[in-house]
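First to last, the sequence lines map onto chains A and B. Quick note on my numbering: the first sequence kicks off at 1 and runs consecutively. Quick note on my numbering: the second sequence kicks off at 1001 and runs consecutively. Every residue, glycine too, gets a C-beta built ideally from N, C-alpha and C. This report refers to the structure that appears directly beneath it.
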Amino acid sequence: EAQVTQNPRYLITVTGKKLTVTCSQNMNHEYMSWYRQDPGLGLRQIYYSMNVEVTDKGDVPEGYKVSRKEKRNFPLILESPSPNQTSLYFCASSLLAGGLETQYFGPGTRLLVL
Amino acid sequence: RKEVEQDPGPFNVPEGATVAFNCTYSNSASQSFFWYRQDCRKEPKLLMSVYSSGNEDGRFTAQLNRASQYISLLIRDSKLSDSATYLCVVEYSSASKIIFGSGTRLSIRP
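In C-alpha cells:
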C-alpha cells in the first residue's frame, strides 16, 4: 500500500530537549516536504527536498533542520524545541517537484512543547 | 495581506444545497492551483486540480480566474459526508513554493 508514515504520532516534550520526527515514504517519490498547521494559519511549509541530498527552506524554517540521505526518508529535527513549535506537523511526498496531483500526506504528528 | 486568502466560514448548509467557496491569491506568478479536503484531525487529501478552462468531477466544479486572481469550488447537491475543511493551494514554479490557504469549514446539516 502506497503511504507516508510519520513517527511519533503524538509527542509531549520540554523546552530544549532535542527531538526528531521521522518521515518515510514507500512510493519512490523524489519530492518530500514538511508542513506545520496552526489554527487560523493553515499549513505552512517548513522545508522541502527535491531529491537526495537536496533540501531547501520553505516559509517557516527557523528552529528546524532536515536531512535527505536516502530517497525514502526525510526526518525533521528540532534541536532545541520551544513552546512556539507546538503544532500539528505533516510530512508529504510527491512523485516529482511540481507534482501536487501525486502528493500524499502522512497522518500527522501532534507536538506539544512545554 | 496573506498570499492566499479564504473565507474561514463556517458555512452551515442543509443537505442537498449548493455551496460555493472562493479563494484569492496575490502573486500573479502562481502556476498551479488545487483544492484539498481535510477532515478533522486528519491529513489533507487532494480533491481536485484547478485548470484555466475549469473542471468538473461529479458534484464538484472548480474554476480559475487568472485576471481576478481567484479560484472557486462549487459543490452541488451537498451530502453530509461533504462536511470538512476545504483548503485552497497555490503552487509556484515547480513546487519551489507551495502556499496553503487557512481553509474554509463546511458543515452540512440533515
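| task | Please report the Cβ distance between Phe90(A) and Glu1003(B), rounded to the nearest whole angstrom; I am assuming they are in contact, meaning their Cβ atoms lie under 8 Å. | result | The residue labelled residue 90(A) in the question sits at position 90 within the first sequence. The residue labelled residue 1003(B) in the question sits at position 3 within the second sequence. Phe90(A) to Glu1003(B), Cβ: 19 Å. No contact.
| Using Cβ-Cβ distances below 9 Å, what residues of the region 93 to 112 of chain A are close to chain B? | Going along the region 93 to 112 of chain A in chain order, one finds Ser94, Leu96, Ala97, Gly98, Gly99, Leu100, Glu101, Thr102, Gln103, Tyr104, Phe105, Gly106, Pro107, Gly108 and Arg110 with a Cβ nearer than 9 Å to chain B.
| Interface positions of the region 22 to 45 of chain A facing chain B (Cβ-Cβ less than 8 Å), listed along the chain | Answer in chain order: Tyr31, Ser33, Tyr35, Gly40, Leu41, Gly42, Leu43, Arg44 and Gln45.
| said: Does the region 53 to 63 of chain A come into contact with the region 1 to 11 of chain A, if we say contact requires no fewer than three beta-carbon pairs (one atom in each stretch) closer than 8 Å? | reply: Contact between the region 53 to 63 of chain A and the region 1 to 11 of chain A is not established, with fewer than three Cβ pairs separated by less than 8 Å.
| message | Is it the case that the region 1071 to 1091 of chain B contacts the region 1050 to 1062 of chain B, given that we only count it when at least three CB pairs across the two stretches are under 8 Å? | response | A contact exists between the region 1050 to 1062 of chain B and the region 1071 to 1091 of chain B.
| At what residues does the beta strand (DSSP E) containing Tyr35(A) begin and finish? | One-based indexing of the first sequence puts residue 35(A) at position 35. Note, Tyr35(A): beta strand (DSSP E), Tyr31 to Asp38.
| N-terminal and C-terminal residue of the beta strand (DSSP E) that Gly42(A) is part of | Indexing the first sequence from 1 puts residue 42(A) at position 42. Per DSSP, the continuous beta strand (DSSP E) segment holding Gly42(A) begins and ends at Gly42 to Asn51.
| said: Counting only C-beta atoms, is Pro1110(B) closer than 9 Å to chain A at any point? | reply: The residue you call residue 1110(B) lines up with position 110 of the second sequence. At a cut-off of 9 Å between beta-carbon atoms, Pro1110(B) makes no contact with chain A.
| query | What does Phe90(A) reach in chain B if we use C-beta pairs closer than 9 Å? | reply | Here residue 90(A) refers to the residue found at position 90 of the first sequence. Within chain B, the residues near Phe90(A) are Glu1043 and Pro1044.
| List, in order along the chain, the chain A residues whose C-beta lies closer than 9 Å to that of Leu1087(B)? | Here residue 1087(B) refers to the residue found at position 87 when the second sequence is read from its first residue. Result: Gly42 and Leu43.
| request: With DSSP collapsed to three states, give me the class of Thr15(A). | output: For this step, residue 15(A) is matched to residue 15 along the first sequence. Coil.
| message | Going by the DSSP bridge assignment, what does Phe1011(B) pair with across the sheet? | response | For the purposes of this step, residue 1011(B) is taken as residue 11 along the second sequence, with counting starting at 1. Looking at the DSSP output, Phe1011(B) sits in a beta bridge with Leu1106(B).
| message | In the DSSP output, what is Glu1091(B) paired with across the bridge? | response | Here residue 1091(B) corresponds to residue number 91 of the second sequence, with the count starting at 1. Ser1032(B) and Ile1098(B).
| field | Simplified DSSP assignment, three categories, for Thr102(A) | value | Along the first sequence, read from residue 1 onward, the residue named residue 102(A) stands at position 102. Shown here, Thr102(A) sits in a helix according to DSSP, grouped into three states.
| message | For Gln1069(B) and Ala92(A), what's the separation of their Cα atoms in angstroms? | response | By 1-based counting over the second sequence, the position of residue 1069(B) is 69. By 1-based counting over the first sequence, the position of residue 92(A) is 92. Rounded to whole angstroms, Gln1069(B) to Ala92(A) spans 27 Å at the Cα level.
| said: Along the region 1024 to 1042 of chain B, where does the CB come closer than 7 Å to a CB of chain A? Name the residues. | reply: Going along the region 1024 to 1042 of chain B in chain order, one finds Ser1032 and Phe1034 with a Cβ nearer than 7 Å to chain A.
| Close beta carbons around Ile12(A), own chain, < 6 Å, minus the five adjacent residues each side | For this step, residue 12(A) is matched to residue 12 along the first sequence. Cβ neighbours of Ile12(A) beyond the five flanking positions: Leu112.
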